[in-house]
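*Asks:* Pasting in a structure now, in structure tokens, and then I'll have a few things to ask.
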Amino acid sequence: MTVQPLQGIRIADFGQIIAIPYTAQMLAWLGAEVILIETERRLTTRIWPPFAEAEPGINRSGGFNLVNSSKMSCTLNLREPEGVDLAKQIISVSDVVLENYSSGTMERMGLGYQDVRGLRPDVVYLSLGAFGRTGPMKDLVGFHSVINLFSGLASVTGHKGSHPRIMGGLFPDAFSGCYCVLALLEALYHRAKTGEGQYIEVAMTEALATILPEAVMEYALDGTEPERVGNRHREKAPHNVFRCQGEENWVAISVDGDSQFQALAQAAGSPGWVDDPRFATSEARLGHQDELDPLIENWTKGLQAPDVVVRLQAVGVPAGPVLDSAQVLADPHMIDRGFVQSPDHPEVGPRPMGAFAWGVDGGRPGVARSAPLLGEHNRKVIQELLQVPDHEFKRLMEQGVIG
Numbered sequence: 242m243t244v245q246p247l248q249g250i251r252i253a254d255f256g257q258i259i260a261i262p263y264t265a266q267m268l269a270w271l272g273a274e275v276i277l278i279e280t281e282r283r284l285t286t287r288i289w290p291p292f293a294e295a296e297p298g299i300n301r302s303g304g305f306n307l308v309n310s311s312k313m314s315c316t317l318n319l320r321e322p323e324g325v326d327l328a329k330q331i332i333s334v335s336d337v338v339l340e341n342y343s344s345g346t347m348e349r350m351g352l353g354y355q356d357v358r359g360l361r362p363d364v365v366y367l368s369l370g371a372f373g374r375t376g377p378m379k380d381l382v383g384f385h386s387v388i389n390l391f392s393g394l395a396s397v398t399g400h401k402g403s404h405p406r407i408m409g410g411l412f413p414d415a416f417s418g419c420y421c422v423l424a425l426l427e428a429l430y431h432r433a434k435t436g437e438g439q440y441i442e443v444a445m446t447e448a449l450a451t452i453l454p455e456a457v458m459e460y461a462l463d464g465t466e467p468e469r470v471g472n473r474h475r476e477k478a479p480h481n482v483f484r485c486q487g488e489e490n491w492v493a494i495s496v497d498g499d500s501q502f503q504a505l506a507q508a509a510g511s512p513g514w515v516d517d518p519r520f521a522t523s524e525a526r527l528g529h530q531d532e533l534d535p536l537i538e539n540w541t542k543g544l545q546a547p548d549v550v551v552r553l554q555a556v557g558v559p560a561g562p563v564l565d566s567a568q569v570l571a572d573p574h575m576i577d578r579g580f581v582q583s584p585d586h587p588e589v590g591p592r593p594m595g596a597f598a599w600g601v602d603g604g605r606p607g608v609a610r611s612a613p614l615l616g617e618h619n620r621k622v623i624q625e626l627l628q629v630p631d632h633e634f635k636r637l638m639e640q641g642v643i644g
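Numbering of the sequence shown is given in our numbering, commencing with residue 242 and proceeding in unit increments.
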């Protein structure tokens, strides 16, 4: 069963790079009709590597295809007045507008919230910016590294005594996208009850800052700044990642309390660890992790990671293998639950990707289809939806308004 609570909702997606495209993709998975408005003149993630089979192409980018599935693509030249007019027509028949251009860009094109309210009074309009759309920093730009640092997240990542570490990947974009979806669902519920549209603005820095409640609470209570501890924990030990047999094979082990440590010692064939005063209690282990961790790794590096996990989980010790992206997408558990889905793309074929991380009554919002080809739905959107006649469509194509 496919869950599609947003069926009947149409979204005009002016998203750039990752955050808003990811937002719109999640809404598409929930059943919304998403029209991605892009242009041949400003390709962003479509020309980002990696490409399928390392063969470049505007429809072959993993970066684009990963966050634009289940959408339609309509190419408009927004530097042309007629292109802007077509965009306004799309907005006039849409329920939601999404954008994350630099502050003021949509307004300069005549596509800002105040502009489009006259076209669609009940429109839900969401703007996302690195620092939001208000405040003294609203005009500043920032990508994931800047956002990671400004949010405070990097202050608690990294090893003790070392400099801050930026989390890898585009984590701020994906996390901000989840906040955008939450805000949009609230706004659509509000509109269903009152008939009123809303303007929503989201700051990526604020979204990311909300995942630090512990650090913020501690500082608010006693002014203490949490120190960086790397893979370790301030209250649990052992708590680390340990090398296993083979190259780049690791296992994460997190022990909570003395009984779990006793079980770990038994599983590792070293029951004497529990009698060592350095390791006998949680407090003692916290102070002697530099001595304990190598002992554990001497055991784990003689085994495959899955073997370590099986042995520890069997005695109630939290442990798990460190998976890379390929292993996540090939994991039998992930596949069995329906998290990994493989939409068939017309140019690059079936490609696995992660879907929603939740299900409802045995169903799960799914990936309806792969990311669109550039301009794949121009006729469907402009001729069928906007009722532009064929001769006019051809003229707009020839004059570069569509494209």
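Ideal Cβ positions, reconstructed from N, Cα and C, are used throughout, including at glycine.
1) Near residue 513, what residues of its chain come up, given a Cβ to Cβ distance below 8 Å and the 5 sequence neighbours on each side ignored?
2) Put residue 528 into one of helix, strand or coil per three-state DSSP.
3) In chain order, what residues of the same chain have a beta carbon less than 7 Å from the beta carbon of residue 448, not counting five sequence neighbours either side?
4) Alpha carbon to alpha carbon, what distance is there between residue 639 and residue 333?
5) Is the segment 395-404 touching the segment 427-439 in the sense that three or more CB pairs, one from each, lie closer than 8 Å?
6) Just to confirm, does residue 641 get its C-beta within under 7 Å of one of the non-hydrogen atoms of the ligand GTP?
7) Counting C-beta neighbours from all protein chains within 10 Å, is the total for residue 458 16 or more, i.e. buried, or is it exposed?
8) Less than 8 Å between the beta carbons of residue 541 and residue 484, yes or no?
9) If you drop the 5 nearest sequence neighbours on each side, which residues of the same chain put their C-beta closer than 6 Å to that of residue 378?
10) Determine which residues share a DSSP beta bridge with residue 421 and list them.
11) Report back the beta-carbon spacing between residue 323 and residue 570 to the nearest angstrom; my notes put them in contact at under 8 Å.
12) Give a yes or no on whether the C-beta atoms belonging to residue 346 and residue 644 are separated by under 8 Å.
13) Helix, strand or coil for residue 228, going by three-state DSSP, please let me know.
14) Using C-beta distances below 8 Å, list every residue in its chain close to residue 543, excluding the 5 sequence neighbours before and after it, in chain order.
15) Report the rounded CA-to-CA distance for residue 304 versus residue 262, giving the unit in angstroms.
16) Taking its Cβ as the centre, do 16 or more other Cβ atoms sit within 10 Å of residue 631, making it buried, or is it exposed?
17) At which residue ranges does the segment 526-571 contain complete alpha helix (DSSP H) runs of 4 or more residues, listed in the order of the chain?
18) Return the CA-CA distance between residue 610 and residue 249, expressed in angstroms with no decimal places.
19) Excluding the 5 residues preceding and the 5 following residue 443 in the sequence, name in chain order all residues of the same chain whose CB lies nearer than 8 Å to its CB.
20) Between the segment 269-287 and the segment 307-315, do three or more beta carbon pairs fall short of 8 Å?
21) Would you list, in sequence order, the uninterrupted beta strand (DSSP E) runs of no fewer than 3 residues that lie entirely inside the segment 349-389?
22) Thinking residue 325 and residue 307 are a contact (beta carbons under 8 Å), I'd like their distance in whole angstroms, please.
23) Could you have a look at residue 442 and say whether DSSP puts it in helix, strand or coil?
24) Got a sec, what are the start and stop residues for the beta strand (DSSP E) residue 233 sits in?
25) How far does the alpha helix (DSSP H) with residue 484 in it extend, from its first residue to its last?
26) Just to confirm, are residue 470 and residue 562 a CB contact at a threshold of 8 Å?
27) Beta-carbon within less than 8 Å of residue 298's beta-carbon, same chain only, minus the 5 sequence neighbours each way: which residues are those?
28) So what does DSSP say about residue 583, is it helix, strand or coil?
29) Looking at residue 252: is its Cβ nearer than 8 Å to the Cβ of residue 336?
30) Start and end of the alpha helix (DSSP H) containing residue 509?
31) In angstroms, rounded to a whole number, what distance separates the CA positions of residue 465 and residue 455?
32) Measure the alpha-carbon distance for residue 641 versus residue 565 and round it to whole angstroms.
33) Applying the 10 Å Cβ sphere with the 16-neighbour rule, what's the burial state of residue 518?
34) Which of the three DSSP states, helix, strand or coil, is assigned to residue 277?
35) In whole angstroms, give me the CA-to-CA distance for residue 654 and residue 495.
36) For a test of the three-state rule: what should DSSP assign to residue 325, helix, strand or coil?
*Replies:* Let me spell this out:
1) Looking up residue 513 in the sequence shown gives position 272. Correct list, in chain order: 506.
2) One-based indexing of the sequence shown puts residue 528 at position 287. Three-state result, residue 528: helix.
3) Translated into positions along the sequence shown, residue 448 becomes position 207. The residues are 416, 417, 420.
4) Residue numbering aside, residue 333 sits at position 92 when the sequence shown is read from its first letter. Residue numbering aside, residue 639 sits at position 398 when the sequence shown is read from its first letter. Answer to the nearest angstrom: the Cα atoms are 25 Å apart.
5) no
6) In the structure on display, the ligand GTP does not appear, and there are no ligands present to speak of.
7) What you label residue 458 is simply residue 217 of the sequence shown in a count that begins at 1. Its Cβ having fewer than 16 others within 10 Å, residue 458 is exposed.
8) The residue you call residue 541 lines up with position 300 of the sequence shown. The residue you call residue 484 lines up with position 243 of the sequence shown. Cβ distance < 8 Å, so residue 541 and residue 484 count as in contact.
9) Indexing the sequence shown from 1 puts residue 378 at position 137. For residue 378, where only same-chain residues beyond five positions count, the Cβ hits under 6 Å are 372.
10) The sequence position of residue 421 within the sequence shown is 180, counting from 1. Note: residue 421 sits in no beta bridge, so no partner.
11) Taking the first residue of the sequence shown as 1, we reach residue 323 at position 82. Taking the first residue of the sequence shown as 1, we reach residue 570 at position 329. With 8 Å as the limit, residue 323 and residue 570 do not qualify as a contact, their Cβ atoms being about 43 Å apart.
12) Counted from its first residue, the sequence shown places residue 346 at position 105. Counted from its first residue, the sequence shown places residue 644 at position 403. In this structure, residue 644 does not lie closer than 8 Å to residue 346 by Cβ.
13) Given that the chain is displayed from residue 242 to residue 644, the structure contains no residue 228 and the question cannot be resolved.
14) Walking along the sequence shown from the start, residue 543 turns up at place 302. These residues qualify, in order along the chain: 486.
15) Against the sequence shown, residue 304 aligns to sequence position 63. Against the sequence shown, residue 262 aligns to sequence position 21. The alpha-carbon atoms of residue 304 and residue 262 are separated by roughly 11 Å.
16) Along the sequence shown, one-based indexing puts residue 631 at 390. Burial call: exposed.
17) 530-541, 546-555, 566-571
18) Position 369 of the sequence shown, counted from the start, is the residue given in the question as residue 610. Position 8 of the sequence shown, counted from the start, is the residue given in the question as residue 249. Approximately 17 Å, taken between the alpha carbons.
19) The residue labelled residue 443 in the question sits at position 202 within the sequence shown. Counting only Cβ-Cβ distances below 8 Å, and skipping sequence neighbours, we find 367, 368, 369, 370, 373, 417, 420, 421, 424.
20) yes
21) 365-370
22) Position 84 of the sequence shown holds residue 325. Position 66 of the sequence shown holds residue 307. Their Cβ separation, rounded to whole angstroms, is 29 Å, which puts residue 325 and residue 307 out of contact at 8 Å.
23) One-based indexing of the sequence shown puts residue 442 at position 201. Correct three-state label for residue 442: strand.
24) Any answer about residue 233 is impossible in this case: the structure gives the chain only from 242 up to 644.
25) For this step, residue 484 is matched to residue 243 along the sequence shown. Unbroken run through residue 484 is the beta strand (DSSP E), 480-484; no alpha helix (DSSP H).
26) Along the sequence shown, one-based indexing puts residue 470 at 229. Along the sequence shown, one-based indexing puts residue 562 at 321. No; because the gap between Cβ atoms is not below 8 Å, this pair is not in contact.
27) As a working note, residue 298 is residue 57 in the sequence shown. The answer, listed in chain order, is 292, 588.
28) Position 342 of the sequence shown holds residue 583. Correct three-state label for residue 583: coil.
29) As a first step, residue 252 is located in the sequence shown; it is residue number 11 there, counting from the start. As a first step, residue 336 is located in the sequence shown; it is residue number 95 there, counting from the start. Yes.
30) Locating residue 509 in the sequence shown gives position 268, where the first residue counts as 1. Here residue 509 belongs to no alpha helix (DSSP H), and DSSP marks it neither H nor E.
31) Numbered from 1 along the sequence shown, position 224 holds the residue referred to as residue 465. Numbered from 1 along the sequence shown, position 214 holds the residue referred to as residue 455. The straight-line gap from Cα to Cα measures roughly 11 Å.
32) By 1-based counting over the sequence shown, the position of residue 641 is 400. By 1-based counting over the sequence shown, the position of residue 565 is 324. For residue 641 and residue 565, the distance between alpha carbons rounds to 44 Å.
33) Your numbering for residue 518 matches position 277 in the sequence shown. So residue 518 counts as exposed.
34) Reading the sequence shown from its first residue, position 36 is the one you call residue 277. In this structure, residue 277 counts as strand in the three-state DSSP scheme.
35) A query on residue 654 cannot be resolved here, the shown segment of the chain reaching from 242 to 644 and no further.
36) The sequence position of residue 325 within the sequence shown is 84, counting from 1. Of the three classes helix, strand and coil, the one that applies to residue 325 here is helix, per DSSP.
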